[in-house]
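Asks: This note's numbering puts the first residue of the sequence shown at 44, with every later residue one more than the last.
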Amino acid sequence: MKKIILKAKINFKSELNLKNLSKINFEEEIISKINILYDNKEFKLQEFFKIQVQKSDKNELIISGTNRNCDYLGWKWKKGTLRIKSDVGSFLGVQMIDGKIIVEGSCEHYVGSGMTGGRIFLKSNAYDFVGSPLPGSKIGMNGGSIIINGKAGNFLGLRMRRGIIFVGGDVGTNCCNNMIAGTVILKKSFGNQLGLGMKRGSIILFRKKSKCVNFVDAGKSRSLFLSLLDNYFLKVYSLKLFSNKDKFKRLIGDIKMDGMGEIFFKID
């Protein structure tokens, strides 16, 4: 098992494509062979990062000194932990398969697009298209989980098929549009056009709902699903979602799509 530490040598002012870092496979002899693209030119990894390798009880890649110009970190990530101790650009954890990605700063667009497994933790904010399809693709997030402590932008969970997204802060417009399945949990406020075109899946709201067009009221609910979800979050993420006194109303839709999606919202 190895801990690999990368510290940026420069401030990245052009796009840095870090897709090839996923080839690292925690093998020391591979590190020197990895190429990265900076401003559309190919360079060796060590030209831009100071590299340290240490023995450890787990496989972990730690990166510091990145910024919003650093894209494609965690591309098809499938082994060990990727820890980013600064801000990062777009396409974080795209098509992720397994493992864990932890970001101590903020991210740009398309976090977790096309991911099928693994866990992504953001300690700050994310921008648009979290868990949504990549440009030109029809299917968004297809498994795994994304936990965002801060805010998220527009089109979160667009065409999401499987998995869990949790957002602790505010969320933008068009959340969960054309959602196929999966679970999205929103702790604070959210923008307009929630759940349009939703076929299945669950959205859980903790703030008073805004008008949800094309959804019908199914009455009060404290379903087994919510209890199981609460237990899962407590066990896996050490997050307590609900209290025993919390009550929810349940909406079903999008009825224009003959959808059976659920929106639960907390009531007093």
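Ideal Cβ positions, reconstructed from N, Cα and C, are used throughout, including at glycine.
(1) Just to confirm, is the Cβ distance from D297 to G200 under 8 Å?
(2) Since F209 and I223 are thought to touch, with beta carbons under 8 Å apart, how far apart are those beta carbons, to the nearest angstrom?
(3) Starting from V146, trace the alpha helix (DSSP H) both ways and give me its first and last residue.
(4) Between I190, C219, G225 and G206, which has its C-alpha nearest G212's C-alpha?
(5) Give the straight-line distance between the Cα atoms of Y275 and V137, rounded to the nearest whole angstrom.
(6) Could you tell me the distance, in whole angstroms, from the CA atom of G206 to the CA atom of L49?
(7) In angstroms, rounded to a whole number, what distance separates the CA positions of L61 and K299?
(8) Threshold first: 3 residues or longer. Then list the beta strand (DSSP E) segments lying entirely within the stretch 52-133, N to C.
(9) Quick test of your reading: G142 and T124, contact by CB under 8 Å. State the CB separation rounded to the nearest angstrom.
(10) With 16 as the cutoff for other CB atoms within 10 Å, does D311 come out buried or exposed?
(11) What alpha helix (DSSP H) runs, 4 residues minimum, are completely inside the stretch 225-291?
(12) Could you tell me the alpha carbon to alpha carbon distance between S264 and C218, rounded to whole angstroms?
(13) Is it buried or exposed for D114, if we count other Cβ within 10 angstroms and need 16 for buried?
(14) Could you check where the beta strand (DSSP E) with F307 kicks off and where it finishes?
(15) Where N54 and K93 are concerned, what is the direct C-alpha to C-alpha distance, given to the nearest angstrom?
(16) Nearest CA to the CA of E151: which residue from G304, E58 and E71?
(17) With a Cβ-Cβ cutoff of 8 Å, do T109 and A195 count as a contact?
(18) Less than 7 Å between the CB of Y153 and some heavy atom of the ligand ZN, yes or no?
(19) Taking only runs that begin and end inside the stretch 153-184, name each unbroken beta strand (DSSP E) of 3 or more residues, in chain order.
(20) Counting only the same chain and skipping the five closest in sequence on each side, list residues whose C-beta sits under 6 Å from that of G215.
(21) Just curious, the beta strand (DSSP E) that V210 is in, first and last residue?
(22) Given this structure, state the Cα-to-Cα distance separating M241 from N221, to the nearest angstrom.
Replies: Based on what the coordinates show:
(1) no
(2) Actually they are not in contact, since the Cβ atoms of F209 and I223 sit about 19 Å apart, beyond 8 Å.
(3) No alpha helix (DSSP H) holds V146; the beta strand (DSSP E) holding it covers K143 to V146.
(4) I190
(5) 24 Å
(6) 30 Å
(7) 42 Å
(8) Entirely contained in the stretch 52-133, the beta strand (DSSP E) runs reaching 3 residues are, in chain order, 78-81, 84-87, 92-98, 103-107 and 124-127.
(9) 7 Å
(10) exposed
(11) For the stretch 225-291, whole alpha helix (DSSP H) runs of length 4 or above, ordered along the chain, are 267-280.
(12) 22 Å
(13) buried
(14) Looking at the DSSP string, the run of the beta strand (DSSP E) that includes F307 is G304 to I310.
(15) 13 Å
(16) E58
(17) With respect to the 8 Å criterion, T109 and A195 are not classified as neighbours on the basis of their beta carbons.
(18) Among the components modelled here there is no ligand, and therefore nothing to report on the ligand ZN.
(19) Taking 3 residues as the shortest admissible run, the stretch 153-184 contains the following complete beta strand (DSSP E) segments, listed from N- to C-terminal end: 162-165.
(20) G196, N197 and G234
(21) R205 to V210
(22) 5 Å
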